[in-house]
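S.K.: Residue numbers for the sequence shown, in my numbering: 241 to 343.
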Amino acid sequence: MSKIRVAINGFGRIGRVTFRKILENDNMEVVAVNDITDSANLAHLLKYDSVQGQFKGEVEHNGGFILVNGKKVLVFQEANPAKLPWASLKIDVVIESTGQFVE
Numbered sequence: 241m242s243k244i245r246v247a248i249n250g251f252g253r254i255g256r257v258t259f260r261k262i263l264e265n266d267n268m269e270v271v272a273v274n275d276i277t278d279s280a281n282l283a284h285l286l287k288y289d290s291v292q293g294q295f296k297g298e299v300e301h302n303g304g305f306i307l308v309n310g311k312k313v314l315v316f317q318e319a320n321p322a323k324l325p326w327a328s329l330k331i332d333v334v335i336e337s338t339g340q341f342v343e
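1) I need the DSSP call for Leu307, collapsed to helix, strand or coil.
2) Are three or more beta carbon pairs between the region 252-260 and the region 323-332 nearer than 8 Å?
3) Please report the distance separating the alpha-carbon of Ile306 from that of Leu286.
4) Assuming the contact rule is C-beta atoms closer than 8 Å, Val271 and Leu314 should be a hit. Round their C-beta distance to whole Å, please.
5) What do you reckon, are the CB atoms on Gly293 and Asn309 nearer than 8 Å?
6) Can you tell me whether Phe259 is helix, strand or coil according to DSSP?
7) In angstroms with no decimal places, state the Cα-to-Cα distance between Pro321 and Asn274.
8) Starting from Ala280, trace the beta strand (DSSP E) both ways and give me its first and last residue.
9) Measuring straight from C-alpha to C-alpha, what distance separates Trp326 and Phe341?
This is how it looks when you write it as structure tokens:
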């Protein structure tokens, strides 16, 4: 059985907590994150969370992606998530965690 491919739109408090929980689930994988912040800041915020504590794994960044425990996660900075290549990335689920699209 293949893993459920997840993208997270918004990498604030809710997006980061969701990311950490998905890492604990062997049936899911985070393929991409979309946030207005660059990959360097996203990696730092994931690694050093003031509420959840320091992330125990490895977190690195490199331009268009972050590397989490050796797994590449694409990073996009698109204000309109409808413009993102979810279909070509074969994303099964997009988690909306920005709070902007609640209607």
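Ideal Cβ placement from N, Cα and C applies to all residues, glycine included.
M.R.: Concretely, from the data shown:
1) strand
2) no
3) 10 Å
4) 7 Å
5) no
6) helix
7) 8 Å
8) Note, Ala280: premise wrong, no beta strand (DSSP E); alpha helix (DSSP H) at 279-287.
9) 17 Å
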